[in-house]
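Numbering of the sequence shown is given in numbering that gives the first Met the number 0, commencing with residue 0 and proceeding in unit increments.
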Amino acid sequence: MRYILIGRGKMGRLIQETARAAGDEIEAAFGRDGLDRLGKLGRVADVVIDFSRPEALPEICSYVRRTGTPLLSGTTGFTAGQLRQLEGLGSAAPVLWAANFSLGMAVLYRALAEVSGVLKPDFDIELTETHHNQKEDAPSGSAKLLLEAIDPRHEARLVYGREGNTGRRGKDEIGVHALRGGTVAGTHTVHFFGPDEELEFTHRAASRQIFVNGALHMARLLPGKPNGTYDLQKILFGE
């Protein structure tokens with residue numbers, strides 16, 4: 000496989016090392032500086048892999064529309080408008096965006112989508128997420144992904160932390176709490192608190208390598224797919 004890599008942070012560097020170790024070719028790699036050079040490239044790769052920042056999206060969209068190169072993006076922190084841009088890009092190429100590329104997280108999403116409707120009438124739901132002290136966005140993209148599984152119709156009122164005399168918890172609330180510290184790769188727990196019982200779903204990432212392995216696995220599946228927007232659920236479970 001031949002890749003163009005966008006992003007030279009920890010994830011970008013690890014993707015580059017892992018891809019090369021597997022015998023893949025890195026045709027070009029761009030960081031924050033020099034991304035304008037992407038506009039001078041033709042279609043030189045099988046997939047563009049983006050683990051950068053939301054500000055890079057205009058250059059990436061322009062390149063994908065011009066060349067039709069499939070795009071896999073794991074960038075988080077997008078606004079709703081930017082996510083619509085990504086979705087619209089599916090008219091020009093196969094586009095896969097996910098906030099988390101681990102297989103375990105994809106299965107957790109599916110499990111939450113199955114059970115949340117059954118539990119919501121009688122259980123209070125809280126979500127906690129923990130990441131390293133260098134993470135800039137909160138809540139994490141993975142936390143937002145899990146919220147979509149729990150509340151796909153956006154009927155709940157999201158409460159981001161609590162302070163002071165907040166009054167009793169409302170039945171329509173979902174509490175969302177972000178912890179930051181150390182070198183934690185990512186821990187996400189969804190708590191269901193019911194009458195006299197509790198149920199928790201937790202996913203722990205021991206290292207960033209699981210996200211890299213998942214991203215490269217999915218990147219190999221993109222070439223040849225029809226133009227359109229994809230997520231892990233569509234690819235893994237045919238939905």
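Cβ atoms here follow ideal geometry from the backbone N, Cα and C, with glycine treated the same way.
Would residue i and residue j qualify as a contact pair, given that the criterion is a beta-carbon distance under 9 Å?
| i | j | result |
| --- | --- | --- |
| residue 28 | residue 5 | yes |
| residue 115 | residue 149 | yes |
| residue 199 | residue 190 | yes |
| residue 228 | residue 89 | yes |
| residue 145 | residue 126 | yes |
| residue 226 | residue 180 | no |
| residue 14 | residue 177 | no |
| residue 45 | residue 184 | no |
| residue 2 | residue 26 | yes |
| residue 73 | residue 48 | yes |
| residue 232 | residue 105 | yes |
| residue 64 | residue 91 | yes |
| residue 0 | residue 138 | no |
To the nearest angstrom, how far is it from the Cα of residue i to the Cα of residue j?
| i | j | result |
| --- | --- | --- |
| residue 118 | residue 39 | 53 Å |
| residue 10 | residue 194 | 42 Å |
| residue 41 | residue 57 | 17 Å |
| residue 201 | residue 188 | 4 Å |
| residue 31 | residue 7 | 8 Å |
| residue 16 | residue 34 | 20 Å |
| residue 99 | residue 210 | 7 Å |
| residue 71 | residue 36 | 19 Å |
| residue 192 | residue 121 | 8 Å |
| residue 169 | residue 123 | 9 Å |
| residue 109 | residue 236 | 9 Å |
| residue 165 | residue 59 | 44 Å |
| residue 151 | residue 24 | 39 Å |
| residue 66 | residue 85 | 15 Å |
| residue 113 | residue 154 | 17 Å |
| residue 18 | residue 205 | 20 Å |
| residue 79 | residue 50 | 18 Å |
Leaving out five residues on either side along the sequence, give the residues of the same chain with a beta carbon under 7 Å from the beta carbon of residue i.
| i | result |
| --- | --- |
| residue 203 | 186 |
| residue 160 | 176 |
| residue 207 | 9, 10, 13, 184 |
| residue 129 | 178, 183, 186 |
I'd like the list of long-range same chain contacts for residue i, defined as Cβ closer than 8 Å, with 5 residues on each side in sequence excluded.
| i | result |
| --- | --- |
| residue 220 | 234 |
| residue 136 | 75, 76 |
| residue 230 | 95, 96, 97 |
| residue 162 | none |
| residue 224 | 69, 93 |
Please list, in chain order, all residues of the same chain as residue i whose beta carbon is under 6 Å from its beta carbon, the five residues on each side excluded.
| i | result |
| --- | --- |
| residue 157 | 173, 175 |
For a cutoff of 9 Å on Cβ pairs, would you count residue i as touching chain D?
| i | result |
| --- | --- |
| residue 217 | Within the model displayed, chain D is absent; a lone protein chain is all it includes. |
May I ask you to check if the CB of residue i is nearer than 8 Å to at least one heavy atom of the ligand GDP?
| i | result |
| --- | --- |
| residue 164 | This structure does not include the ligand GDP; it has no bound ligands of any sort. |
ask   = Which whole runs of the alpha helix (DSSP H) in the segment 38-72 are 4 residues long or more, in chain order?
value = 56-66
ask   = Of all the beta strand (DSSP E) runs that stay within the bounds of the segment 76-148, which reach a length of 3 or more residues?
value = 93-96, 123-130
query = Mind pulling the beta strand (DSSP E) runs of 3 or more residues that sit fully within the segment 142-225?
reply = 156-159, 172-179, 185-193, 196-204
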